[in-house]
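Data first, discussion second: the structure below is written as structure tokens.
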Amino acid sequence: MKFYDLHVHSKYSIGSNTIAEIAEMAEKLGLSVVAITDNFESLEKVKEIKAAIAQVKSSVELIQGVYITAATPQEMHQKIDKVRNLVPLVIVAGGDYQINRAACEDSRVDILAHPELQSFSNGLDEPCLQAAAANNVAIEINFHELLLSYKRSRAAILKKMMTNVDLCQKFKVPFVVCSGAHNIYEMRDGRELVSIATILGADLPKAFDSVTTIPERLIELNKKKLEGQIAAQGVEKIG
Numbered sequence: 041m042k043f044y045d046l047h048v049h050s051k052y053s054i055g056s057n058t059i060a061e062i063a064e065m066a067e068k069l070g071l072s073v074v075a076i077t078d079n080f081e082s083l084e085k086v087k088e089i090k091a092a093i094a095q096v097k098s099s100v101e102l103i104q105g106v107y108i109t110a111a112t113p114q115e116m117h118q119k120i121d122k123v124r125n126l127v128p129l130v131i132v133a134g135g136d137y138q139i140n141r142a143a144c145e146d147s148r149v150d151i152l153a154h155p156e157l158q159s160f161s162n163g164l165d166e167p168c169l170q171a172a173a174a175n176n177v178a179i180e181i182n183f184h185e186l187l188l189s190y191k192r193s194r195a196a197i198l199k200k201m202m203t204n205v206d207l208c209q210k211f212k213v214p215f216v217v218c219s220g221a222h223n224i225y226e227m228r229d230g231r232e233l234v235s236i237a238t239i240l241g242a243d244l245p246k247a248f249d250s251v252t253t254i255p256e257r258l259i260e261l262n263k264k265k266l267e268g269q270i271a272a273q274g275v276e277k278i279g
């Protein structure tokens, strides 16, 4: 079974460790695939990170992703326009309802991260979830958010995450559990990530799917798109 962690930051943005150090820790944790998802700053930085990933030799497959922060939906769309054809993974930082809604409505978005972050609510409603299901946008359960929370705030975050897991299962929206790590000590092995999903109310098979089959399908589909094997959504080239 291949375990995925699709949200880890390196020293190229808000993380503390090199990509090589992340790969080494991922090997120790038994992860198969890790996405280096640094904050989008410029196309030059995206290319620099791509080159750095290529230099790392590891038994863990390293995927390049982009973590997009935006103040408005328009800014979000503009940033996606720049990077979508360059990387196999696009994550949008959620929390603001307008950003959450816009991300769910954009099929170019792979993952909406922590939609409940710094929000009084869970960050998602029925229109968001229906759009996410239609556009195959996965909702993230972010372990880093839980790790850095305390007492009363942790209880509130857990409640909001539980609501989102329940809604994802109800509306058949894919969800993924990621470490969201800013350093290697915040990374977790695949079964720990599965356990987080079950604590939040996910059925055991869906909890495993959140760190195995769902990330795998997402990444493999995007690889085919980048390689030109899929000309349009759902249309695969033969031969």
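Using the working numbering, you'd call the opening residue of the sequence shown number 41 and step up by one each time. Using N, Cα and C, we set each Cβ at its ideal position, and we do this for glycine too. Since the structure is predicted, the reported quantities are computational estimates derived from the model, not experimental observations.
- With respect to the C-alpha of K42, the residue from E101, A171, M65 and V86 having the closest C-alpha is E101.
- The continuous beta strand (DSSP E) containing L102 extends over residues E101 to I108.
- Here L69 is buried. Its C-beta has 16 or more other C-beta atoms within 10 Å.
- Bridge partners of A178 according to DSSP: I151.
- Between V73 and I103, the C-beta spacing is below 8 angstroms.
- Fewer than three pairs of CB atoms, one per stretch, sit closer than 8 angstroms, so the region 218-229 makes no contact with the region 169-179.
- Bridge pairing for Y137: absent [DSSP].
- With a contact defined as Cβ atoms closer than 8 angstroms, F211 and A173 qualify at about 5 angstroms.
- By the beta-carbon neighbour count (other beta carbons within 10 angstroms, threshold 16), D136 is buried.
- Following the DSSP letters along the chain, one finds N79 inside the beta strand (DSSP E) bounded by residues V73 to N79.
- For V123, the enclosing alpha helix (DSSP H) starts and ends at P113 to V123.
- With respect to R228, F183 sits close: the two C-beta atoms are nearer than 8 angstroms.
- Under DSSP, L129 shares a beta bridge with G105.
- With fewer than 16 other Cβ atoms inside 10 Å of its own Cβ, I54 counts as exposed.
- Ranked by Cα distance from I76, the options K90, S82, E84 and L83 are led by K90.
- The alpha carbon of K264 has as its nearest neighbour, out of D243, L46, M202 and P128, the alpha carbon of P128.
- Linking S50 to I62 through their CA atoms gives a straight-line distance of about 8 angstroms.
- Put simply, the backbone Cα of A94 is about 15 angstroms away from that of Y52.
- Taking the Cα of E156 as reference, the smallest distance to any Cα among I197, S147 and Q138 is reached at I197.
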